[in-house]
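Chemist: Structure in structure tokens, see below.
Protein chains in written order, with my numbering: chain V, 24 to 336; chain U, 287 to 365.
Here you go:
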């Protein structure tokens, strides 16, 4: 089924570039790409910096916000949460750091690939570190999602990292990892880093949720794991923490995710906003990197392929 | 009101621990029923999600039984 998001609107917040520059050209290209898939894109400019409060007051009748900014800016300071509240509405905010014009162009290409795919099945790759605390969590999620989605329990105790990469690169719509995390990647799968994906990824992942500590943090690393995955065209959107997180909070996330998926969330922004726990500690550390409207459904072909990937359960 | 909350909580509990029966609302989750911290975390998370309330981790000792949890939610819902 071709499911687009013609009802969605996006606020694209970008720095002011000189006209005719590569950066400007690529921003306009990004806007054009979005316009193929959503109802309306509102482009707003900011000077040297932006204030979320100002954006909130002056704009935001849209369903999602994407802020582009220089990659020197840390995700921690780019936004203070993965959403803003306007009235009773929670609006997801994505942050896209760019190092050069090429990054924006590559992100546009990822968008085009992800949004133009058929969206038939809710295939969810459930990833975790090999520890009862985490494997049990994904086991529960598999059980809860079984009737309405295609959950794939790919915890570290039943699958090799290489097979996880193979599976994800088929173009899985959504993946969620639970376990320990570091700015450079996941602790599970005997260390999972951005470079473990193949150089020319076959198909990017729609949304990847990294429900663990610090995978959007830049401590002792140039770009965080979450940022690298988006800029290297591995995912349209990632969701990760800029600080340490608590397991109890991530358990809340897991329950919220199941509930949101069962209610029919179809984009990463909708999913995050719907699944969000009530307590501030559970969401304040998290950031959404990349496309807040990234679709989380996969094609039926992907669904068939990934279910054939060998696990050792 | 409290009866509705209790019925709903028992439903959530049975989804988390399908084989466990609560005989009395005064049974302590951990000491009498043997619910471990992971199941407790999932149970609390489900309740929070359903009632759209926050039960801070520091309050968990205050909701050691089903009866106490019903009171806690009833109180939170009236605030």
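Note that the Cβ used here is the ideal one computed from N, Cα and C, for glycine as well.
Taking Cβ positions, are residue 356 (chain U) and residue 308 (chain U) nearer each other than 9 Å?
Modeler: Here the question's residue 356 (chain U) lines up with position 70 in the second chain. Here the question's residue 308 (chain U) lines up with position 22 in the second chain. Contact flag unset, no.
Chemist: Can you list the residues of chain U that residue 279 (chain V) reaches, using a CB-CB cut of under 7 Å?
Modeler: Locating residue 279 (chain V) in the first chain gives position 256, counting from the first residue. Those within 7 Å of residue 279 (chain V) in chain U are 335.
Chemist: Within 10 Å of its beta-carbon, does residue 273 (chain V) have 16 or more other beta-carbons around it, so buried, or fewer, so exposed?
Modeler: Taking the first residue of the first chain as position 1, residue 273 (chain V) is located at position 250. Residue 273 (chain V) should be labelled buried.
Chemist: Relative to the C-alpha of residue 298 (chain V), which residue among V:307, V:278, V:317, V:312 is closest?
Modeler: Stepping through the first chain from its first residue, residue 298 (chain V) is reached at position 275. Residue V:278 is the option with its Cα nearest to residue 298 (chain V).
Chemist: Okay, do the region 323 to 334 of chain V and the region 259 to 276 of chain V touch, 3+ Cβ pairs below 8 Å being the bar?
Modeler: No contact exists between the region 323 to 334 of chain V and the region 259 to 276 of chain V.
Chemist: Alpha carbon to alpha carbon, how far is residue 164 (chain V) from residue 229 (chain V)?
Modeler: To locate residue 164 (chain V), count along the first chain from 1; it is residue 141. To locate residue 229 (chain V), count along the first chain from 1; it is residue 206. Approximately 19 Å between the Cα atoms of the pair.
Chemist: According to DSSP, which residues form a beta bridge with residue 187 (chain V)?
Modeler: Stepping through the first chain from its first residue, residue 187 (chain V) is reached at position 164. Residue 187 (chain V) is not bridged to any residue.
Chemist: Select from the region 311 to 333 of chain U all residues with a C-beta closer than 7 Å to any C-beta belonging to chain V, and list them in chain order.
Modeler: Correct list: 324, 327, 328, 331, 332.
Chemist: So with CB distances below 7 Å, who are the chain U contacts of residue 331 (chain V)?
Modeler: Taking the first chain and counting its residues from 1, the one referred to as residue 331 (chain V) is at position 308. Within 7 Å Cβ-Cβ: nothing; residue 331 (chain V) doesn't reach chain U, min ~30 Å.
Chemist: Return the residue from the list V:56, V:90, V:157 that minimises the CA-CA distance to residue 38 (chain V).
Modeler: Start at 1 with the first residue of the first chain, and residue 38 (chain V) comes out as number 15. Nearest C-alpha to residue 38 (chain V): V:90.
Chemist: At 9 Å on the CB atoms, spell out the chain U contacts of residue 373 (chain V), in chain order.
Modeler: The requested residue 373 (chain V) is not part of the displayed model; chain V covers only 24 to 336.
Chemist: Can you pull the DSSP bridge partners for residue 90 (chain V)?
Modeler: If you number the first chain from 1, residue 90 (chain V) lands on position 67. Partner(s): V:36, V:118.
Chemist: Would the region 276 to 291 of chain V count as touching the region 101 to 110 of chain V if we require 3 or more Cβ pairs under 8 Å?
Modeler: Segments in contact, no.
Chemist: Out of V:50, V:66, V:43, V:176, point me to the one whose CA is closest to residue 35 (chain V)'s CA.
Modeler: As a working mapping, residue 35 (chain V) is identified with position 12 in the first chain. Closest by alpha carbon: V:66.
Chemist: Listing by chain order, which chain U residues have their CB less than 9 Å from the CB of residue 274 (chain V)?
Modeler: As a working note, residue 274 (chain V) is residue 251 in the first chain. Those are 324, 327, 328, 330, 331, listed as they occur along chain U.
Chemist: Between the region 233 to 250 of chain V and the region 74 to 87 of chain V, do at least 3 Cβ pairs fall closer than 8 Å?
Modeler: Flag = no, the region 233 to 250 of chain V and the region 74 to 87 of chain V do not touch.
Chemist: When the Cα atoms are used, what is the spatial distance from residue 295 (chain U) to residue 312 (chain U)?
Modeler: Working through the second chain from its first residue, we reach residue 295 (chain U) at position 9. Working through the second chain from its first residue, we reach residue 312 (chain U) at position 26. Taking the straight line from one Cα to the other gives about 14 Å.
Chemist: Could you tell me the distance, in whole angstroms, from the CA atom of residue 233 (chain V) to the CA atom of residue 172 (chain V)?
Modeler: Within the first chain, numbered from 1, the residue matching residue 233 (chain V) stands at position 210. Within the first chain, numbered from 1, the residue matching residue 172 (chain V) stands at position 149. Taking the straight line from one Cα to the other gives about 20 Å.
Chemist: Is residue 179 (chain V) helix, strand or coil by DSSP?
Modeler: What you label residue 179 (chain V) is simply residue 156 of the first chain in a count that begins at 1. Correct three-state label for residue 179 (chain V): coil.
Chemist: Among residues of its own chain, excluding the 5 on either side of residue 321 (chain U), which ones have a beta-carbon nearer than 6 Å to its beta-carbon?
Modeler: Residue mapping note: residue 321 (chain U) aligns to position 35 of the second chain, counting from 1. These residues qualify, in order along the chain: 315.
Chemist: Is residue 65 (chain V) helix, strand or coil by DSSP?
Modeler: Walking along the first chain from the start, residue 65 (chain V) turns up at place 42. Residue 65 (chain V) falls in the strand class under three-state DSSP.
Chemist: Given a cut-off of 9 Å on the beta-carbon distance, is the pair residue 144 (chain V) and residue 290 (chain V) in contact?
Modeler: What you label residue 144 (chain V) is simply residue 121 of the first chain in a count that begins at 1. What you label residue 290 (chain V) is simply residue 267 of the first chain in a count that begins at 1. No, Cβ-Cβ distance for residue 144 (chain V) and residue 290 (chain V) is not below 9 Å.
Chemist: Going along chain U in order, which residues have a C-beta closer than 7 Å to the C-beta of residue 271 (chain V)?
Modeler: Residue numbering aside, residue 271 (chain V) sits at position 248 when the first chain is read from its first letter. Chain U residues near residue 271 (chain V): 327, 343.
Chemist: Applying the 10 Å Cβ sphere with the 16-neighbour rule, what's the burial state of residue 326 (chain U)?
Modeler: What you label residue 326 (chain U) is simply residue 40 of the second chain in a count that begins at 1. So residue 326 (chain U) counts as buried.
Chemist: What is the C-beta distance between residue 202 (chain V) and residue 152 (chain V), in whole angstroms, given that I count them as a contact (C-beta under 8 Å)?
Modeler: Here residue 202 (chain V) refers to the residue found at position 179 when the first chain is read from its first residue. Here residue 152 (chain V) refers to the residue found at position 129 when the first chain is read from its first residue. Right, their Cβ atoms sit about 3 Å apart.
Chemist: Does DSSP classify residue 337 (chain U) as helix, strand or coil?
Modeler: Your numbering for residue 337 (chain U) matches position 51 in the second chain. Of the three classes helix, strand and coil, the one that applies to residue 337 (chain U) here is helix, per DSSP.
Chemist: For residue 72 (chain V) and residue 312 (chain V), what's the separation of their Cα atoms in angstroms?
Modeler: Position 49 of the first chain holds residue 72 (chain V). Position 289 of the first chain holds residue 312 (chain V). Taking the straight line joining both Cα atoms gives about 18 Å.
Chemist: Can you grab the Cα-Cα spacing for the pair residue 194 (chain V) / residue 119 (chain V), in whole Å?
Modeler: Taking the first residue of the first chain as position 1, residue 194 (chain V) is located at position 171. Taking the first residue of the first chain as position 1, residue 119 (chain V) is located at position 96. Going by the C-alpha atoms only, they are around 21 Å apart.
Chemist: Would you kindly work out how many angstroms separate the C-alpha atoms of residue 258 (chain V) and residue 50 (chain V), rounded to a whole number?
Modeler: Here residue 258 (chain V) refers to the residue found at position 235 of the first chain. Here residue 50 (chain V) refers to the residue found at position 27 of the first chain. Rounded to whole angstroms, residue 258 (chain V) to residue 50 (chain V) spans 19 Å at the Cα level.
Chemist: When you compare each of U:303, U:362, U:351, U:364 to residue 317 (chain U) by their alpha carbons, which one comes out closest?
Modeler: Residue numbering aside, residue 317 (chain U) sits at position 31 when the second chain is read from its first letter. Of the candidates U:303, U:362, U:351, U:364, the one whose C-alpha sits nearest the C-alpha of residue 317 (chain U) is U:351.
Chemist: For the region 163 to 174 of chain V, which residues have a CB atom closer than 9 Å to at least one CB atom of chain U, in sequence order?
Modeler: Answer set for the region 163 to 174 of chain V: 163, 167.
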